[in-house]
Every structure is written in structure tokens, then in C-alpha cells.
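Since the structure comes first, as C-alpha cells, the remarks are kept for the end.
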Amino acid sequence: MTSFEEIERRFIVDGRGEKPWRSGSTSSQIQQFYFGKDTMRIESGVLMMEDVPLTPLTSEELEVWNSRVDWSGRLRIRDGLNIITCKSRTSKDTAFELEWAVSPELGEAVNSLGPYPTVEKTRYVWTGVDGGIWEVDEFEGRLAGVILAEIELTSPNQAVEIPDWVGHEITGLPSWSNRSLADTIGN
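Residues are numbered in my numbering as their position in the sequence shown, beginning at 1, plus a constant of 82.
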């Protein structure tokens, strides 16, 4: 695994009962805006979104970018921090991921190019009995009631103790990606 690879497993959570992931965990408010794949490009080593320069890429980031062709992008605003993320899936549980913190002004400039499909959620970070760090997203707005949990792994074969409250695994099911959920409900 490289530092740009993200390996994760994802699950649906039935939130009708107790919510143990809320106890003793931290939480964040998140908004995510998903842009079209054709809106991003590299120009003179700078990631561009339409005519807005987002960030210069390091030589290592450029190498990763050029090794893949199918990148999708998003702007995440998490507790006031703006993060641009580009992902390119390599398998059902693995993707290359590049991300950069950007100023709120740049985040607003990107958003002004929209509207973009959006999700809003509260994310809880919960530690499992095996020390695994779970991110549990309780969606809001038109997706209220949807709860998804994911755990990042160091390898696809890493053993994980699945908590009792975790339901059906949705790893690799494209219709359950945050982007697909955002596309489904529209702007």
C-alpha cells in the first residue's frame, strides 16, 4: 500500500436501536459537494477546476495522478475546514486518494461553480474492541435515517472484528458510495 492508497470496508447500520458509536466518540459536521469528472484537469502542475487553480501538485502526486485516468472529486467542509479530495478506484475496496486542505475562500470559489450534488452528515469516530477506528456517518437532510460505517485497513486481507451493530456489507457497491447517494437525491 502506498501513502496515497485507501483501503476500506463499508457497511449499512440499522439505527433503530441503541447507537453505541455515539458513546465516547468524537463527532464532526460534514458537507460534501461532488463535482463532475470532466471539470478537473492538471495545468502546469496545478490541479484546476474549470478555471479555478486549486493547488499545486508535488512530483509524487503528479505521478499518481498521471497513473490513473478515472478521477472523481469532491469538496468536504468538516467543522469549517475545507478539503479537496480526488479519488480513483482500483478495486472494490481500494482507491487512490489525493487530498489538500484549502482556504475557505477557495472552497467558496469552487462552490460558486456549482450547484453540485451534496450530502450532509454527522460523522462519529468510534474505536472497536480490536483497536480499529470506525467512522460512522449519520446522514441528514433528504438522506436522514441512512447510517453507514466504514473502517480503513492497511491491507485488503486485514482481520477486523465487526461490531454487533454493523449490518450488511456494502463494500464495492457503487450505488452506496457517498457520490451516488448525492447524485440520487440531487442538489
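Ideal Cβ placement from N, Cα and C applies to all residues, glycine included.
Per DSSP, which residues does Gln113 bridge with? Please list them. Sequence index remark: in the sequence shown, residue 113 carries index 31 (1-based). Note: Gln113 sits in a beta bridge opposite Ile159 and Glu202.
Taking just the CA atoms, how far does Val211 sit from Glu243? One-based indexing of the sequence shown puts residue 243 at position 161. One-based indexing of the sequence shown puts residue 211 at position 129. Distance between the alpha carbons of Glu243 and Val211: 8 Å.
Between the C-alpha atoms of Phe86 and Ser237, what's the straight-line distance to the nearest angstrom? Walking along the sequence shown from the start, residue 86 turns up at place 4. Walking along the sequence shown from the start, residue 237 turns up at place 155. Cα to Cα, Phe86 sits roughly 13 Å from Ser237.
What separation, rounded to the nearest whole angstrom, lies between the Cα atoms of Phe115 and Ile166? Counting from 1 along the sequence shown, the entry for residue 115 is found at position 33. Counting from 1 along the sequence shown, the entry for residue 166 is found at position 84. C-alpha separation (whole angstroms): 10 Å.
Quick one: what's got a C-beta closer than 7 Å to Pro271's C-beta in the same chain, skipping five residues either side? Only positions 83 to 269 of the chain appear in this structure, which leaves residue 271 out of reach.
Taking its Cβ as the centre, do 16 or more other Cβ atoms sit within 10 Å of Glu220, making it buried, or is it exposed? To locate residue 220, count along the sequence shown from 1; it is residue 138. The residue in question, Glu220, is buried, as its Cβ has 16 or more Cβ neighbours within 10 Å.
Length of the line joining the Cα atoms of Thr137 and Glu125: Taking the sequence shown and counting its residues from 1, one reaches residue 137 at position 55. Taking the sequence shown and counting its residues from 1, one reaches residue 125 at position 43. About 11 Å.
Closest Cα partner of Phe178 within the set Ala231, Val134, Gly97 and Arg150: Residue 178 sits at position 96 when you count from the first residue of the sequence shown. The candidate whose alpha carbon is nearest that of Phe178 is Arg150.
Select from Gly223, Asp120 and Gly214 the residue whose C-alpha is nearest the C-alpha of Ile267. Reading the sequence shown from its first residue, position 185 is the one you call residue 267. Nearest C-alpha to Ile267: Gly223.
I'd like the list of long-range same chain contacts for Asn260, defined as Cβ closer than 7 Å, with 5 residues on each side in sequence excluded. Reading the sequence shown from its first residue, position 178 is the one you call residue 260. Once the five neighbours on either side are set aside, the close Cβ partners of Asn260 are Gln114 and Val201.
Does DSSP put Asn241 in a helix, in a strand, or in coil? Position 159 of the sequence shown, counted from the first residue, corresponds to residue 241. What sits at residue 241 in the sequence shown is Ala, not Asn. Coil, per DSSP.
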